[in-house]
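Input: a single structure, listed below in structure tokens.
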Amino acid sequence: MPKSTARPGVFAALRVRDYRIYWSTGLISNTGTAMQGVALDWFVLNLTHSGTAVGWAAGLQFAPVLAFGLWGGVLADRYDRRALLLWAQSLYALQALLLTVTVLSGNAPLWLIYLLSFGLGCVFTVENPARLSFVTELVGRPLITNAAGLNILSLNAARLIGPAIAGVLIALIGTGGVFAVNSVSFLVVLAGLLTIRPQPRPAATERPPWVGGGAAGLRYVASRPELIAVFAVFGLVSTFALNFSTTLTLFAGRVFDVGSRGLGFMSTALSVGTIAGTLVATRRASPRVRTVVTGAVLFGLCEVLAASMPTYVTFLALLLPAGFMLMTLNTAVSAFVQSEVSDAMRGRVMAVYTVISMGGAPIGGPVIGWVSQHAGVRWGMASGAAAAVLAALTVALWLSRQRTGARPPLPDPAAPRPAAPARTPAPTPANSYAPDSTSTGGTTP
Numbered sequence: 000m001p002k003s004t005a006r007p008g009v010f011a012a013l014r015v016r017d018y019r020i021y022w023s024t025g026l027i028s029n030t031g032t033a034m035q036g037v038a039l040d041w042f043v044l045n046l047t048h049s050g051t052a053v054g055w056a057a058g059l060q061f062a063p064v065l066a067f068g069l070w071g072g073v074l075a076d077r078y079d080r081r082a083l084l085l086w087a088q089s090l091y092a093l094q095a096l097l098l099t100v101t102v103l104s105g106n107a108p109l110w111l112i113y114l115l116s117f118g119l120g121c122v123f124t125v126e127n128p129a130r131l132s133f134v135t136e137l138v139g140r141p142l143i144t145n146a147a148g149l150n151i152l153s154l155n156a157a158r159l160i161g162p163a164i165a166g167v168l169i170a171l172i173g174t175g176g177v178f179a180v181n182s183v184s185f186l187v188v189l190a191g192l193l194t195i196r197p198q199p200r201p202a203a204t205e206r207p208p209w210v211g212g213g214a215a216g217l218r219y220v221a222s223r224p225e226l227i228a229v230f231a232v233f234g235l236v237s238t239f240a241l242n243f244s245t246t247l248t249l250f251a252g253r254v255f256d257v258g259s260r261g262l263g264f265m266s267t268a269l270s271v272g273t274i275a276g277t278l279v280a281t282r283r284a285s286p287r288v289r290t291v292v293t294g295a296v297l298f299g300l301c302e303v304l305a306a307s308m309p310t311y312v313t314f315l316a317l318l319l320p321a322g323f324m325l326m327t328l329n330t331a332v333s334a335f336v337q338s339e340v341s342d343a344m345r346g347r348v349m350a351v352y353t354v355i356s357m358g359g360a361p362i363g364g365p366v367i368g369w370v371s372q373h374a375g376v377r378w379g380m381a382s383g384a385a386a387a388v389l390a391a392l393t394v395a396l397w398l399s400r401q402r403t404g405a406r407p408p409l410p411d412p413a414a415p416r417p418a419a420p421a422r423t424p425a426p427t428p429a430n431s432y433a434p435d436s437t438s439t440g441g442t443t444p
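Numbering-wise, the sequence shown is residues 0 to 444 according to numbering that gives the first Met the number 0.
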């Protein structure tokens with residue numbers, strides 16, 4: 000079925016009551032999470048004075064995604080997604096509370112911070128595919144693209160507000176106080192989820208099995224060259240170019256010496272660009288692979304230029320277009336994936352998306368941290384950006400060759416098989432002892 004070319008309004012999905020509650024309560028929680036992210040990076044840097052340690056703290060939050068991410072998608076397809084989200088948000092609140100107590104007690108060894116970061120990632124492994132898939136139950140398929148963009152808008156608005164608040168609160172109440180504020184924010188999300196009544200999910204022919212269910216998601220993606228292209232580009236960009244929690248912290252502490260408030264303004268400048276990019280992207284009726292490739296190239300170039308800026312002000316200025324192009328890329332990927340998958344495979348494909356987009360952090364975070372430690376922070380950021388540009392150009396060339404030798408698309412593994420037509424015996428001509436020479440005596444599927 001051809002996609003509609005009509006452009007929805009920027010906030011079209013917010014007209015749906017349940018999605019409006021879901022989005023607004025999520026904005027509050029996302030703001031608290033953004034505050035905690037800045038506070039945690041700053042705490043680890045002051046505790047260890049090591050860029051590598053900051054990279055490990057960020058990377059360990061996503062290590063479980065790499066190890067167990069596909070199972071999270073199986074859970075999202077097997078069980079009620081609203082119930083999964085209620086459990087996940089409760090565990091998020093518990094993790095933030097434990098982090099608060101640990102830091103405020105004055106006894107916060109690095110290994111315990113790493114352990115709590117890993118625990119956060121374990122919850123995220125289940126929560127993220129469930130949250131992404133749950134949106135369809137709130138708005139329906141026609142508004143998926145718009146809702147996907149608004150979800151990213153919520154995240155980026157939080158990243159705009161959260162770091163700026165965190166920079167001030169760290170100076171006023173310390174990192175432990177910031178962690179406490181985040182733990183309370185999850186109560187808002189829980190209250191919102193309890194008031195939501197999602198649409199019934201389509202009746203599935205069968206629940207995905209525990210063994211092999213995740214592999215089915217991989218086969219589903221592997222059967223579609225355009226999904227492979229989108230995931231390859233975004234995976235490499237996410238692994239090596241989206242390490243701002245590491246690079247911005249190091250730029251603030253080692254290159255420009257602007258302290259926690261300067262770090263907050265860096266994150267804010269990046270978020271201003273991302274919000275602008277998201278607002279433009281939510282009006283796009285049908286995302287394309289070309290948009291993903293172009294966004295990755297332009298984002299990488301902006302990041303290289305930012306890494307070379309000699310002053311703090313010019314660095315901030317380059318973060319604006321970098322953020323804009325990042326969201327052109329990010330929103331296009333999310334909307335493309337959401338609109339291309341079948342309902343029966345949605346949770347598992349979104350788990351593949353989660354693994355690809357965030358599972359590379361345990362690799363990219365330490366690598367960029369190590370490069371920054373030994374070759375300089377500027378080289379750390381620039382090397383990740385160069386990887387983004389190279390990945391996009393390579394995938395564009397591969398996809399062009401795929402289209403040149405166009406082959407018919409593979410069948411949808413999740414689609415029900417058509418019933419075989421009933422066998423009908425061929426009519427025998429009257430006054431004849433031999434069957435009709437044009438008949439095979441029946442049909443075969």
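All C-beta atoms, glycine included, are put in the ideal place defined by N, C-alpha and C.
Give the range of the alpha helix (DSSP H) segment to which T245 is assigned. For this step, residue 245 is matched to residue 246 along the sequence shown. Taken as a continuous stretch (DSSP letters only), the alpha helix (DSSP H) holding T245 covers F243 to L249.
What residue range is occupied by the uninterrupted alpha helix (DSSP H) comprising F335? Taking the sequence shown and counting its residues from 1, the one referred to as residue 335 is at position 336. Per DSSP, F335 belongs to the alpha helix (DSSP H) from Y311 to E339.
Is F178 closer than 7 angstroms to T99 when the C-beta atoms are compared? Working through the sequence shown from its first residue, we reach residue 99 at position 100. Working through the sequence shown from its first residue, we reach residue 178 at position 179. Their beta carbons are under 7 angstroms apart, which means T99 touches F178 by this criterion.
Excluding the 5 residues preceding and the 5 following A156 in the sequence, name in chain order all residues of the same chain whose CB lies nearer than 7 angstroms to its CB. For the purposes of this step, residue 156 is identified with residue 157 of the sequence shown, where counting begins at 1. So the list reads L26 and I274, once near-sequence residues are dropped.
Output needed for V292: all residues of its chain with C-beta closer than 7 angstroms, excluding positions within five of it in sequence on either side, in chain order. The count along the sequence shown starts at 1 and reaches residue 292 at position 293. Closer than 7 angstroms at the Cβ level, and outside the excluded window around V292, lie V232, A391, V394 and A395.
Starting from L149, trace the alpha helix (DSSP H) in both directions and tell me its first and last residue. Taking the first residue of the sequence shown as position 1, residue 149 is located at position 150. Taken as a continuous stretch (DSSP letters only), the alpha helix (DSSP H) holding L149 covers I143 to T194.
How long is the line joining the alpha carbons of T101 and D256, rounded to whole angstroms? Walking along the sequence shown from the start, residue 101 turns up at place 102. Walking along the sequence shown from the start, residue 256 turns up at place 257. One Cα belongs to T101, the other to D256, and the distance between them is close to 28 angstroms.
What residue range does the alpha helix (DSSP H) around V232 cover? As a first step, residue 232 is located in the sequence shown; it is residue number 233 there, counting from the start. Per DSSP, V232 belongs to the alpha helix (DSSP H) from P224 to F239.
For the stretch 331-347 against the stretch 299-318, are there 3 or more C-beta pairs whose distance is under 8 angstroms? no
Does DSSP put V220 in a helix, in a strand, or in coil? Locating residue 220 in the sequence shown gives position 221, counting from the first residue. Helix.
Does T194 pass the burial test, meaning 16 or more other C-beta atoms within 10 Å, or should it be called exposed? Numbered from 1 along the sequence shown, position 195 holds the residue referred to as residue 194. When all chains shown are included, T194 counts as exposed.
Nearest neighbour of G148, chosen from G161, G368, L159 and V134 [CA to CA]: Taking the sequence shown and counting its residues from 1, the one referred to as residue 148 is at position 149. Ranking the options by Cα distance to G148, first place goes to V134.
For F10, name the three-state secondary structure that DSSP assigns. Within the sequence shown, numbered from 1, the residue matching residue 10 stands at position 11. It is coil, neither helix nor strand.
What do you get for A12, buried or exposed, if any count of 16 or more other CB atoms within 10 angstroms of its CB means buried? Your numbering for residue 12 matches position 13 in the sequence shown. So A12 counts as buried.
So A33 is in the alpha helix (DSSP H); what residue range does that whole segment cover? One-based indexing of the sequence shown puts residue 33 at position 34. Here the alpha helix (DSSP H) through A33 covers R16 to T47.
Anyone know if the C-beta pair for A221 and A384 falls short of 7 angstroms? Along the sequence shown, one-based indexing puts residue 221 at 222. Along the sequence shown, one-based indexing puts residue 384 at 385. No.
With a threshold of 16 other CB atoms inside 10 Å of the CB of I355, please say whether the residue is buried or exposed. To locate residue 355, count along the sequence shown from 1; it is residue 356. That one is buried.
Please classify G105 as buried or exposed, where buried requires at least 16 neighbouring CB atoms within 10 angstroms. Start at 1 with the first residue of the sequence shown, and residue 105 comes out as number 106. By the 10 Å Cβ count, G105 comes out exposed.
Got a sec? Which residues, its chain only, sit under 6 angstroms from L119 by beta carbon, not counting five neighbours each side? In the sequence shown, residue 119 corresponds to position 120, counting from 1. The residues are Q60 and Q94.
Pair within 7 angstroms by beta-carbon distance, A350 and P128: The count along the sequence shown starts at 1 and reaches residue 350 at position 351. The count along the sequence shown starts at 1 and reaches residue 128 at position 129. Yes, the pair counts as a contact, with Cβ atoms nearer than the cut-off.
With burial defined as no fewer than 16 other Cβ atoms inside 10 Å of the residue's Cβ, what is the status of A163: buried or exposed? On the sequence shown, position 164 is the one that residue 163 refers to. With 16 or more other Cβ atoms within 10 Å, it is buried.
Helix, strand or coil: which one does DSSP assign to P108? The sequence position of residue 108 within the sequence shown is 109, counting from 1. Residue state, collapsed to three classes: coil.
Check M308 in the structure and name its three-state DSSP category. The residue you call residue 308 lines up with position 309 of the sequence shown. In the structure shown, M308 sits in coil (DSSP, three-state: anything other than H, G, I, E or B).
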